[in-house]
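Novice:
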Amino acid sequence: MRDLLVALFVLGALPVSFKRPAAGMLTFSLLAYMRIQDLTWGFARDQRWSLYVALAMLAGWIFAEEKSKPIWTFRTALLIFMPVWMFIGLFEEVGVKAFQSANFVEYAKIIWVAIFTTMVIQRREHLRALMWIVGGSFAFFGLKNGAAAILSGGSLHIIRGPGGMLEDNNDFALALAMSIPVLVGLATSETNLYYRKWLRFCVPFTYLSVFATRSRGGFLSAGLATFILVWRSKNRIAGIMLMGFAGLVGIMALPADMFERLQTLQNVEEDGSAMGRIRAWKVAGRMIQDQPFFGVGFNRFQANYLNYGDRVHERQEGTRVAHNAYLQIWSEAGTPVFLSYMLLLTLSVIAVQRVRREALRVYDRSWILSYCTAFEGAFLTFMLGSAFLNRAHFDLIYHYFAMVMVFEKVARKEMENPLSSAGEARRGIGGHLSRFEGIGFKRPLGVGRGFRSTDLAPVSYRTARSQGGGASNAFRASERDA
22 MRDLLVALFV LGALPVSFKR PAAGMLTFSL LAYMRIQDLT WGFARDQRWS
72 LYVALAMLAG WIFAEEKSKP IWTFRTALLI FMPVWMFIGL FEEVGVKAFQ
122 SANFVEYAKI IWVAIFTTMV IQRREHLRAL MWIVGGSFAF FGLKNGAAAI
172 LSGGSLHIIR GPGGMLEDNN DFALALAMSI PVLVGLATSE TNLYYRKWLR
222 FCVPFTYLSV FATRSRGGFL SAGLATFILV WRSKNRIAGI MLMGFAGLVG
272 IMALPADMFE RLQTLQNVEE DGSAMGRIRA WKVAGRMIQD QPFFGVGFNR
322 FQANYLNYGD RVHERQEGTR VAHNAYLQIW SEAGTPVFLS YMLLLTLSVI
372 AVQRVRREAL RVYDRSWILS YCTAFEGAFL TFMLGSAFLN RAHFDLIYHY
422 FAMVMVFEKV ARKEMENPLS SAGEARRGIG GHLSRFEGIG FKRPLGVGRG
472 FRSTDLAPVS YRTARSQGGG ASNAFRASER DA
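First residue of the sequence shown: 22, per our numbering; consecutive thereafter.
1. Just checking, does the region 88 to 100 make contact with the region 45 to 65 on the three C-beta pairs under 8 angstroms criterion?
2. Between the C-alpha atoms of residue 119 and residue 166, what's the straight-line distance to the nearest angstrom?
3. Going along the chain, which unbroken runs of the alpha helix (DSSP H) with 4 or more residues stay wholly within the region 52 to 92?
4. Following the continuous beta strand (DSSP E) through residue 385, name the residue where it begins and the one where it ends.
5. Suppose contacts are defined by Cβ-Cβ distances below 7 angstroms. Is residue 431 in contact with residue 396 by that definition?
6. Considering only C-alpha positions, which residue in the set 313, 342, 314 is nearest to residue 327?
7. Let me know the secondary structure DSSP gives residue 181 once reduced to three states.
8. On a CA-only basis, which of 60, 218, 100, 42 is nearest residue 365? Give me that one, please.
9. Would you mind listing the alpha helix (DSSP H) stretches within the region 303 to 370 that are 4+ residues and don't spill past its ends, in chain order?
10. Cβ of residue 175 within 7 angstroms of Cβ of residue 207?
11. From this set, 137, 317, 383, which residue's C-alpha is nearest residue 305's C-alpha?
12. Does the region 35 to 50 touch the region 66 to 76, meaning 3 or more C-beta pairs lie closer than 8 angstroms?
13. From what residue to what residue does the alpha helix (DSSP H) around residue 154 run?
14. State the Cα-Cα distance for the pair residue 350 and residue 298, rounded to the nearest angstrom.
15. Buried or exposed: where does residue 355 fall if 16 or more other Cβ atoms within 10 Å of its Cβ makes it buried?
16. Excluding the five sequence neighbours on either side, which residues of its own chain have a C-beta within less than 6 angstroms of the C-beta of residue 140, listed in chain order?
17. Around the C-beta of residue 62, are 16 or more other C-beta atoms found within 10 angstroms, so that it is buried, or is it exposed?
18. Mind checking who residue 189 pairs with in its DSSP beta bridge?
19. Under 7 angstroms Cβ to Cβ from residue 198, same chain only, skipping five residues before and after it: list those, please.
20. To the nearest angstrom, how far is the alpha carbon of residue 96 from that of residue 193?
21. How many angstroms separate the CA atom of residue 213 from the CA atom of residue 221?
22. By the 10 Å Cβ neighbour count, where 16 or more other Cβ atoms means buried, how is residue 83 classified, buried or exposed?
23. Assuming contact is defined by CB atoms lying nearer than 7 angstroms, are residue 204 and residue 160 in contact in what I supplied?
24. Please report the distance separating the alpha-carbon of residue 179 from that of residue 164.
25. According to the Cβ coordinates, are residue 251 and residue 258 closer than 7 angstroms?
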């Protein structure tokens with residue numbers, strides 16, 4: 022029955038994806054992150070649904086009368102440069118046979134999806150829906166596995182994720198930790214009370230799901246995500262105190278095996294897994310010294326491990342992956358790609374912070390500020406967690422690169438003309454509200470109040486900082502009218 026439902030859903034989405042490529046991207050993202058095909062047991066599980074949707078939305082874009090263009094920034098150029106340089110490196114290091122690698126083709130697809138996202142997701146309602154798809158997908162797994170952890174009395178151990186790039190339990194833990202600030206950001210950006218309550222309800226279950234993976238990197242990542250949310254809260258001191266109290270209670274309530282696993286962080290020399298990672302990092306360093314320009318070749322770390330490693334340990338333990346996204350991409354693709362990757366991460370975080378600074382000149386609270394916290398938290402959480410994981414080619418982070426580009430464009434457009442999207446302005450605590458036109462989505466005549474017609478969170482203008490322009494003038498005018 023599940024197979025039939027998934028098949029009918031995807032097949033029904035194909036003509037919609039052709040007519041509206043943005044809807045195709047939403048469907049593609051649902052298949053990538055919620056992995057509904059992996060929730061089946063029959064024929065639907067092995068079908069290449071994502072490929073069908075991708076072809077449909079690409080064909081729809083090709084035959085569209087007005088073709089939207091990608092958002093061109095320096096980061097877009099970096100996204101294109103990275104696979105091109107890796108492609109050249111395949112000739113340089115491992116020959117023509119490397120072109121048969123399915124992993125490189127998958128990586129090229131990830132880059133294409135990121136760039137295509139900037140082509141079809143170009144309006145606020147599109148970005149909002151995509152954020153809901155990404156956040157909601159991980160909220161589903163967080164709620165599902167968190168509830169199972171409670172029912173098991175804390176003994177649940179998630180050995181593998183839902184599938185795809187989330188199959189490894191450590192990767193799954195990182196993705197769940199990245200989703201925590203996204204869920205909180207979505208909750209603070211919505212006006213619908215049920216949406217807000219549902220999103221907040223999923224957050225503690227997501228924490229439980231991270232702990233159920235028994236991933237030490239996931240545990241640290243979730244801790245950083247919490248700290249970022251507290252730091253961006255209105256009352257940092259109270260938030261830090263509450264976080265410390267919750268942390269103590271959480272550690273006391275941890276299952277014994279999880280507590281023992283976390284204790285190994287204090288005695289790295291006695292932990293075989295940790296020492297194995299350190300040896301892998303040393304091997305990566307030797308690869309970088311020997312092949313600094315093109316690396317040893319895309320996805321060739323393990324194949325070249327014995328040429329650079331300690332053969333005594335390798336005979337006992339076998340070859341390892343890099344266990345560090347930064348060393349992985351540096352050793353496999355060379356210094357130019359490593360620098361591009363680091364620039365992408367750094368510039369994306371800087372772009373979000375710039376939008377935040379610009380928004381704070383206009384707003385006390387706004388969906389823009391909520392999304393800034395969501396993106397900032399997701400990026401910084403990934404940057405910490407990927408230091409322990411082989412996830413330089415994680416599809417989710419490349420999608421976030423594209424989503425931040427879209428967010429920049431949409432947010433700046435709204436801030437340039439705040440009245441076009443302003444909804445409710447509030448002056449200080451206890452001040453009365455003033456209604457403006459156009460926040461969120463206008464409800465078509467005769468249509469009920471569904472998700473698309475529900476407003477985003479009301480905007481609160483920072484009138485004290487305004488210099489006589491836009492929002493403050495409109496606010497004062499509305500005050501006089503009232």
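Ideal Cβ placement from N, Cα and C applies to all residues, glycine included.
Specialist: In short:
1. Fewer than three beta-carbon pairs drawn from the region 88 to 100 and the region 45 to 65 are found closer than 8 angstroms, and the two stretches are therefore not classed as touching.
2. Summary for residue 119: the model assigns pLDDT 47, below 50, so the residue's position carries little reliability, and this model does not support an answer.
3. For the region 52 to 92, the continuous alpha helix (DSSP H) assignments of 4+ residues that do not extend past its boundaries occur at 70 to 84, in sequence order.
4. From DSSP, the beta strand (DSSP E) with residue 385 extends over 384 to 386.
5. Against a cut-off of 7 angstroms, the Cβ pair of residue 396 and residue 431 comes out as no contact.
6. Among 313, 342, 314, the Cα nearest to that of residue 327 is on 342.
7. The three-state reading of DSSP puts residue 181 in strand, counting E and B together.
8. Considering only alpha carbons, the answer is 100.
9. The qualifying runs are 326 to 329, 332 to 338, 346 to 354.
10. No.
11. Closest by C-alpha distance to residue 305, out of 137, 317, 383, is 317.
12. By the criterion of at least three beta-carbon pairs nearer than 8 angstroms, the region 66 to 76 is in contact with the region 35 to 50.
13. Residue 154: member of the alpha helix (DSSP H) spanning 145 to 172, first to last residue.
14. Each residue's alpha carbon lies about 16 angstroms from the other.
15. In summary, residue 355 is buried, with 16 or more beta-carbon neighbours lying within 10 Å of its beta-carbon over all protein chains present.
16. Answer for residue 140: 89, 91, listed in chain order.
17. Per the 10 Å Cβ criterion, exposed.
18. 181, per the DSSP bridge assignment.
19. So the list reads 231, 239, 242, 243, 246, 402, 406, once near-sequence residues are dropped.
20. Each residue's alpha carbon lies about 26 angstroms from the other.
21. Spanning the two alpha carbons is a distance of roughly 13 angstroms.
22. Burial call: exposed.
23. Pairing residue 204 with residue 160 gives a Cβ-Cβ distance under 7 angstroms.
24. When rounded, the distance between both Cα atoms is 14 angstroms.
25. Not a contact, by the Cβ cut-off of 7 angstroms.
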